[in-house]
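Adding 122 to a residue's 1-based position in the sequence shown gives its number in the working numbering.
Heads up, the beta-carbon is just placed ideally off N, CA and C, and yes, glycines get one too.
It should be emphasised that the depicted structure is a prediction, and the values quoted were computed from it without experimental measurement.
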Amino acid sequence: MHGFPEATRRARTREAMGAAAGADALWWPDASICPSPNQDARPNGLEPELIVIHAISLPPGQFGGRFIEQLFTNRLDPLEHPFFEEIADLRVSAHVLIGRDGLATQFVSFDRRAWHAGASCWNGRERCNDFSIGIELEGCDERAFTDEQYSALVRLIRWLRGRFPRLAAEDAIAGHSDIAPGRKTDPGPHFNWHRLWAGLAEESGT
Ligand SMILES: [Zn+2]
């Protein structure tokens, strides 16, 4: 899936990012780093209070290309696929993408605002990007997610909860369709919430 071995890529990107103060708390150690320009500061220094689960595939229904990374870094070629013409100018990102193989890529540091939710509302609060972490699973409305994706998602959420205690609240995980109903359908009918809850309970030993 990637141009050179995962371990090498990870080491190289970490080196390139440098060991900035506190950086370890803001980048998931299990993810490769691919910085996105589509980000800015969280207003008023807000802490993450919500995890938004998304699903994406590019082109729709196809897996395994580099197109999602390209979209999140404004490098998607509109000539590669008719659908890309519609979306190539979008300025969007997520904090983390989890591929079908369970490998994760992080685009935005967790203390910064990624641009994933759009017009949205959670518990009466609008602009969910301000206070949320966006996690994209490579997937679509028609197919089940993989074991590797659930496993990586559980590990990531456990890790995030260790750093941002508010994310341990019962209602702190939502689907994009929950915060943008009528506008978004992801993560879709095949995302198994019971499996996520069971994984989180099991992994945390409760
Ligand atoms: Zn979404």
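Three-state class that DSSP yields for residue i in the structure shown
i: W244; result: strand
i: G167; result: helix
i: S273; result: helix
i: D300; result: helix
i: A290; result: helix
i: Q192; result: helix
i: A266; result: coil
i: L172; result: strand
i: A153; result: strand
i: A177; result: strand
C-alpha distance - residue i paired with residue j, whole-angstrom precision
i: L225; j: F286; result: 22 Å
i: R280; j: H312; result: 22 Å
i: I255; j: P182; result: 23 Å
i: A320; j: A266; result: 17 Å
i: F189; j: D293; result: 32 Å
i: P303; j: E202; result: 31 Å
i: A177; j: S299; result: 10 Å
i: L282; j: L289; result: 7 Å
i: G186; j: I175; result: 19 Å
i: L275; j: Q192; result: 22 Å
i: K306; j: G246; result: 18 Å
i: T268; j: P165; result: 35 Å
i: A323; j: A296; result: 17 Å
i: A216; j: E270; result: 19 Å
i: E207; j: D199; result: 8 Å
i: G167; j: Q161; result: 14 Å
i: L172; j: F205; result: 30 Å
i: T195; j: N314; result: 29 Å
i: I301; j: W237; result: 14 Å
Contact test: residue i Cβ vs ligand 3 heavy atom, cutoff 8 Å
i: R288; result: Ligands present in the displayed structure are limited to ligand 1, and ligand 3 is not among them.
(message) When you compare the stretch 155-168 with the stretch 222-242, are there three or more beta-carbon pairs, one atom per stretch, that lie closer than 8 Å?
(response) yes
(request) Return the chain-ordered ranges of every beta strand (DSSP E) run that is complete within the stretch 217-264 and spans a minimum of 3 residues. (result) 218-220, 226-228, 234-236, 254-260
(message) Check whether the stretch 203-213 and the stretch 245-262 are in contact - that is, three or more C-beta pairs closer than 8 Å.
(response) no
(request) Collect the residues with a C-beta less than 5 Å away from any heavy atom of ligand 1 and give them in sequence order along the chain. (result) That gives H176, H298, D308.
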